[in-house]
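J.: In terms of numbering that gives the first Met the number 0, the sequence shown opens at residue 0 and continues consecutively.
Where is the CB? At the ideal position from N, CA and C, for every residue including glycine.
Have a look at this one before I ask anything.
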Amino acid sequence: MIKAYPAALVATASLALPVLAQPSGAIAYPETRRGDHVDTYHGVEVADPYRWLEKSADDPEVAAWIEAEQAVTNAYLEALPGRERLKERYTQLLNYERFGTPSEEGGRYFYTRNDGLQDQSVLYVMDDWGSEPRVLLDPNGWSDDNTMSLAGTSVSPDGRLIAYLVSDGGSDWRTIRVRDIETGEDLVDTIEWAKFTGVSWDRDSSGFYYSRYDEPVQKEGEELTAVNEFQKVYRHSIGTAQSKDTLIYQRPDEAKWGFGGFVTEDGRYLGIVTTKGTFRENNVAYVDLQSSNREVVHLLEGFEADYGWVGNVGSVVYFRTDLDAPRGRVIAIDLHHPQRDRWVEVIPESDATLDGVSMVGGHLVAQYLRDASSEVVICDLHGREVRKVALPGIGSVSGFGGEFDSAETFYSFTSYTDPGSIYRYNIITGESELFRRPEVDFNPDRYTTERVFYSSKDGTRVPMFITYKKGLERNGQNPTLLYGYGGFNISMTPGFSTSRLMWMELGGVYAVACLRGGGEYGKEWHDAGITTKKQNVFDDFIAAAEYLNAERISSPSTLAIQGGSNGGLLVGACITQRPELFGAALPAVGVMDMLRFDQFTIGWAWRSDYGSPSESEDDFRANYAYSPYHNAKPGKCYPPTLITTADRDDRVVPAHSFKFAAAMQAAQAENHRALRGCDNPVLIRIETRAGHGAGTPLSKIIEQVADQYGFLAYHLGLEIE
Numbered sequence: 000m001i002k003a004y005p006a007a008l009v010a011t012a013s014l015a016l017p018v019l020a021q022p023s024g025a026i027a028y029p030e031t032r033r034g035d036h037v038d039t040y041h042g043v044e045v046a047d048p049y050r051w052l053e054k055s056a057d058d059p060e061v062a063a064w065i066e067a068e069q070a071v072t073n074a075y076l077e078a079l080p081g082r083e084r085l086k087e088r089y090t091q092l093l094n095y096e097r098f099g100t101p102s103e104e105g106g107r108y109f110y111t112r113n114d115g116l117q118d119q120s121v122l123y124v125m126d127d128w129g130s131e132p133r134v135l136l137d138p139n140g141w142s143d144d145n146t147m148s149l150a151g152t153s154v155s156p157d158g159r160l161i162a163y164l165v166s167d168g169g170s171d172w173r174t175i176r177v178r179d180i181e182t183g184e185d186l187v188d189t190i191e192w193a194k195f196t197g198v199s200w201d202r203d204s205s206g207f208y209y210s211r212y213d214e215p216v217q218k219e220g221e222e223l224t225a226v227n228e229f230q231k232v233y234r235h236s237i238g239t240a241q242s243k244d245t246l247i248y249q250r251p252d253e254a255k256w257g258f259g260g261f262v263t264e265d266g267r268y269l270g271i272v273t274t275k276g277t278f279r280e281n282n283v284a285y286v287d288l289q290s291s292n293r294e295v296v297h298l299l300e301g302f303e304a305d306y307g308w309v310g311n312v313g314s315v316v317y318f319r320t321d322l323d324a325p326r327g328r329v330i331a332i333d334l335h336h337p338q339r340d341r342w343v344e345v346i347p348e349s350d351a352t353l354d355g356v357s358m359v360g361g362h363l364v365a366q367y368l369r370d371a372s373s374e375v376v377i378c379d380l381h382g383r384e385v386r387k388v389a390l391p392g393i394g395s396v397s398g399f400g401g402e403f404d405s406a407e408t409f410y411s412f413t414s415y416t417d418p419g420s421i422y423r424y425n426i427i428t429g430e431s432e433l434f435r436r437p438e439v440d441f442n443p444d445r446y447t448t449e450r451v452f453y454s455s456k457d458g459t460r461v462p463m464f465i466t467y468k469k470g471l472e473r474n475g476q477n478p479t480l481l482y483g484y485g486g487f488n489i490s491m492t493p494g495f496s497t498s499r500l501m502w503m504e505l506g507g508v509y510a511v512a513c514l515r516g517g518g519e520y521g522k523e524w525h526d527a528g529i530t531t532k533k534q535n536v537f538d539d540f541i542a543a544a545e546y547l548n549a550e551r552i553s554s555p556s557t558l559a560i561q562g563g564s565n566g567g568l569l570v571g572a573c574i575t576q577r578p579e580l581f582g583a584a585l586p587a588v589g590v591m592d593m594l595r596f597d598q599f600t601i602g603w604a605w606r607s608d609y610g611s612p613s614e615s616e617d618d619f620r621a622n623y624a625y626s627p628y629h630n631a632k633p634g635k636c637y638p639p640t641l642i643t644t645a646d647r648d649d650r651v652v653p654a655h656s657f658k659f660a661a662a663m664q665a666a667q668a669e670n671h672r673a674l675r676g677c678d679n680p681v682l683i684r685i686e687t688r689a690g691h692g693a694g695t696p697l698s699k700i701i702e703q704v705a706d707q708y709g710f711l712a713y714h715l716g717l718e719i720e
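Dropping the structure here:
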């Protein structure tokens, strides 16, 4: 599970390797070297003593540090009571059939299935509806450790070929291959160095469009840390070498712009969407594929709003946009008459957030969020409501893809207690037919979810979902896990998780706060939690914790917080600001150095939410005030903390977690000497052959969840039987 390094490397750094017999008492952390590096931002000198931990994991000193840290962490986790029981029960709960939402292309149907304990889900194909499914792509066995995963697929319109994307060890880099669906044999076609891309076929199935970067020229190993710039759109012709691919679109004057190309369902247009990192706003261009010159026509420019291309009927294109509508609306633009005064509003803004729109069966399917729960409305092409889709209750819907001339679509519904039922839906009749419903080893009737609202520091009303076993006694002693994200316009909606179920089986409470910075209430909600307003997100999360304690669901000693990626930042910021409020913390793959986040891989793209501290003094001062790495200081006793990261994470590089762990351990060691009774552990768990999360083998997930929940149970007083 954990990568071992030669003893000689450990010796080069002169690091002690303490072994703990029991998970108790003060920990003798490895002696992490403090450097004297100092940066100056807008006249302010900022020390960065652990800059050397930004080097590759293959660097001898960094490798020795990892070895030393893992020796401490492994000894601690292995001594946790009930850890093996957690692995056993989690394995039992995971051992059920799981299905992906089907799609239809060229008369064939495709869906993923996991028989329960497969490391990777398998893609199946049915040659027509109701026929016997057969395996098309099985990633299990692509590598000895099952860390190579299927990261996306696209079926040719004639249903003959499938392009599929492969991720190696969790990296965001993708290799694109092509398989003959009938024979199951791969063609010679292979595309390298694709990243942040889909695949879109020409309607005659002769080739496809994709986005890629140039092959990295850095030294070996730096392809996981080097900055990604100058993305380009290419077209690949089936049966040819990648070197023959045609460059379709680029902007050599704009290093940070990204591009996605897609062919419309009728084959008439190639749409090109231009983005600036994770900024919500985008530009839209198109190429008329029936024209002789095939020039790029720039339709929507200036990055003034978010424009999502829904579909087209002839020259009329439907867009979902937040232009003059923070919660979203649908407009139609005739490409022959694109002047703004000729635009038509099809579906106006409502009091719910328009989360997505698709065009299926000659209708528009509008998916809304109302207080972070899904609603679905079927409309005609003029925006008139035909019907609402009946859903089982508070939960989340996904799917509703399909073709304009087909009334058939599929969707799934899930909640905190529903593992995700999948339905085949007829747009014309409104009838839903159950396709698959998983059978999980638990009784959902024993659990309940309530949606509550609480007030943040500035009085903002924030929703939160709380799920627990019925009969909960509100005595302040319930071990509670509070989860949050709060960023990048991403909404936290109800969803099923076997690990959360296991937590609740043990008697724990699971709560999810829908923080500002997310997309639950549209553009204004997102904007209220970004750049210089990012502190609002942390205030919302802290207020959620205070609500749970005030309602006597939990208390500071029984309340843990968890989040990953931007949510890892959230947890890091909250424990450095209000450590006394929490009994334990699980920050995962977090963005922890808020002054240097934009110096690695795709980190520059996050300036939409984090600002640019090197260029803007206001952004610098805001980030410096909450940056977890820079605010881990002696003087406050930090709660028991288990930091998790992965050695091949090329989205949020592991250096963030390395530096944060070093700073936290130094502070906590000083706290133990200066503050009586402060012996809470700060540990870091570093997974190998894994990335930011997607594609991680199930076996590794089981190990990590057992470690995390064993850590929480021990420190929150949750007994594992």
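Which same chain residues, not among the five before or five after R88, have their C-beta less than 7 Å away from its C-beta?
T.: Taking the sequence shown and counting its residues from 1, the one referred to as residue 88 is at position 89. Only M501 meet the Cβ criterion.
J.: Which residues in the same chain have their Cβ closer than 6 Å to the Cβ of V18, if we skip the five residues on either side of it in sequence?
T.: Within the sequence shown, the letter at position 19 stands for residue 18. Any answer about V18 is weak, because its pLDDT of 33 lies below 50 and its placement is not dependable; what the coordinates show is given next. Cβ within range, chain order: A74.
J.: What does the alpha-carbon distance come out to for the pair Q21 and L76?
T.: Here residue 21 corresponds to residue number 22 of the sequence shown, with the count starting at 1. Here residue 76 corresponds to residue number 77 of the sequence shown, with the count starting at 1. Residue placement at Q21 cannot be trusted, given a pLDDT of 39 that sits under 50; what the coordinates show is reported in the next sentence. Answer to the nearest angstrom: the Cα atoms are 9 Å apart.
J.: Name the residue from R33, L682, L85, A78 whose alpha carbon lies nearest to the alpha carbon of E60.
T.: Taking the sequence shown and counting its residues from 1, one reaches residue 60 at position 61. Checking every option, the nearest Cα to that of E60 belongs to R33.
J.: Tell me the rounded alpha-carbon separation between L594 and S349.
T.: Translated into positions along the sequence shown, residue 594 becomes position 595. Translated into positions along the sequence shown, residue 349 becomes position 350. Rounded to the nearest angstrom, the two C-alpha atoms are 39 Å apart.
J.: Assuming K468 contacts G506 (C-beta within less than 8 Å), just tell me the rounded distance between them.
T.: Residue mapping note: residue 468 aligns to position 469 of the sequence shown, counting from 1. Residue mapping note: residue 506 aligns to position 507 of the sequence shown, counting from 1. Right, their Cβ atoms sit about 7 Å apart.
J.: Can you look up L547 in the DSSP assignment and give me helix, strand or coil?
T.: Along the sequence shown, read from residue 1 onward, the residue named residue 547 stands at position 548. In this structure, L547 counts as helix in the three-state DSSP scheme.
J.: If we count the other Cβ atoms within 10 Å of its Cβ and call it buried at 16 or more, is G106 buried or exposed?
T.: For the purposes of this step, residue 106 is taken as the residue at position 107 of the sequence shown. By the 10 Å Cβ count, G106 comes out exposed.
J.: Can you find the residues in the same chain that come closer than 6 Å, C-beta to C-beta, to T492, ignoring five residues on each side of it along the sequence?
T.: Numbered from its first residue, the sequence shown carries residue 492 at position 493. Counting only Cβ-Cβ distances below 6 Å, and skipping sequence neighbours, we find A371, S395.
J.: Give the list of continuous beta strand (DSSP E) stretches no shorter than 3 residues that lie fully inside the segment 283 to 371.
T.: Counting whole runs of 3 or more residues, the segment 283 to 371 contains the beta strand (DSSP E) stretches 295 to 299, 306 to 312, 315 to 320, 328 to 333, 343 to 346, 352 to 359, 362 to 369.
J.: Anyone know if the C-beta pair for D592 and H691 falls short of 8 Å?
T.: Position 593 of the sequence shown, counted from the start, is the residue given in the question as residue 592. Position 692 of the sequence shown, counted from the start, is the residue given in the question as residue 691. Not in contact: D592 and H691 (Cβ atoms no closer than 8 Å).
J.: Nearest by alpha-carbon distance to A512: which of E449, G521, G475, I574 is it?
T.: Counting from one through the sequence shown, the residue named residue 512 turns up at place 513. Answer by Cα proximity: E449.
J.: Can you tell me whether G582 is buried or exposed, with buried defined as 16 or more other CB within 10 angstroms of its CB?
T.: As a first step, residue 582 must be located in the sequence shown, where it is residue number 583. Classification of G582: buried, given that the 10 Å Cβ count is 16 or more.
J.: Can you check DSSP and say which residues form a bridge with E104?
T.: Looking up residue 104 in the sequence shown gives position 105. E104 is bridged to R107.
J.: Going by C-alpha distance, which of E669, G429, R202 is nearest L160?
T.: Translated into positions along the sequence shown, residue 160 becomes position 161. For L160, the nearest C-alpha among the options comes from R202.
J.: From the DSSP secondary-structure annotation, give me the bridge partner or partners of A559.
T.: Numbered from its first residue, the sequence shown carries residue 559 at position 560. Its beta-bridge partners are L480, A583.
J.: Determine whether the beta carbon atoms of S153 and G197 lie at a separation below 8 Å.
T.: As a first step, residue 153 must be located in the sequence shown, where it is residue number 154. As a first step, residue 197 must be located in the sequence shown, where it is residue number 198. A contact, by the Cβ cut-off of 8 Å.
J.: May I have the straight-line CA-CA distance separating I237 from L641, to the nearest angstrom?
T.: Along the sequence shown, one-based indexing puts residue 237 at 238. Along the sequence shown, one-based indexing puts residue 641 at 642. Answer to the nearest angstrom: the Cα atoms are 48 Å apart.
J.: Would you check if the distance between the CB atom of A693 and the CB atom of A150 is smaller than 8 Å?
T.: Counting from 1 along the sequence shown, the entry for residue 693 is found at position 694. Counting from 1 along the sequence shown, the entry for residue 150 is found at position 151. Result yes, Cβ atoms of A693 and A150 sit closer than 8 Å.
J.: Can you tell me whether G709 is buried or exposed? The criterion is at least 16 other CB atoms within 10 Å of its CB, across all chains shown.
T.: Taking the sequence shown and counting its residues from 1, one reaches residue 709 at position 710. With 16 or more other Cβ atoms within 10 Å, it is buried.
J.: Answer yes or no: do Y713 and P138 have a C-beta to C-beta separation smaller than 8 Å?
T.: If you number the sequence shown from 1, residue 713 lands on position 714. If you number the sequence shown from 1, residue 138 lands on position 139. Not closer than 8 Å, so no.
J.: Mark Q686 as exposed unless 16 or more other C-beta atoms lie within 10 angstroms of its C-beta, in which case mark it buried.
T.: Along the sequence shown, one-based indexing puts residue 686 at 687. Looking at the sequence shown, residue 686 is not Gln but Glu. By the neighbour-count rule (16 or more Cβ atoms within 10 Å), E686 is buried.
J.: Kindly identify the DSSP beta-bridge partner or partners of A510.
T.: Residue 510 sits at position 511 when you count from the first residue of the sequence shown. BP columns for A510 point to I465, L481.
J.: What residues match up with R688 in a beta bridge as DSSP calls it?
T.: Numbered from its first residue, the sequence shown carries residue 688 at position 689. Answer is none; R688 lacks a bridge partner.
J.: Can you give the beta carbon distance from I346 to C378, rounded, assuming they're within the 8 Å contact cut?
T.: Here residue 346 refers to the residue found at position 347 when the sequence shown is read from its first residue. Here residue 378 refers to the residue found at position 379 when the sequence shown is read from its first residue. Going by Cβ atoms, the distance from I346 to C378 rounds to 6 Å, so yes, they are a contact pair.
J.: Is the distance from the Cβ of L136 to the Cβ of L116 below 8 Å?
T.: For this step, residue 136 is matched to residue 137 along the sequence shown. For this step, residue 116 is matched to residue 117 along the sequence shown. No, these two residues do not count as a Cβ contact at 8 Å.
J.: Could you tell me whether the segment 185 to 195 touches the segment 204 to 212, where touching means 3 or more Cβ pairs closer than 8 Å?
T.: Counting Cβ pairs under 8 Å, three or more are found: they touch.
J.: Within a Cβ cutoff of 8 Å, which residues of the same chain sit near S611, ignoring the five residues on either side of it in sequence?
T.: Here residue 611 refers to the residue found at position 612 of the sequence shown. Excluding positions up to five away in sequence, the list reads D597, D618.
J.: Have a look at Y628 and N94 and give me their C-alpha separation to the nearest angstrom.
T.: Mapped onto the sequence shown, residue 628 falls at position 629. Mapped onto the sequence shown, residue 94 falls at position 95. Straight-line Cα distance between these residues: approximately 39 Å.
J.: Within the continuous alpha helix (DSSP H) that includes K658, where are the two ends?
T.: Counted from its first residue, the sequence shown places residue 658 at position 659. Residues 654 to 673.
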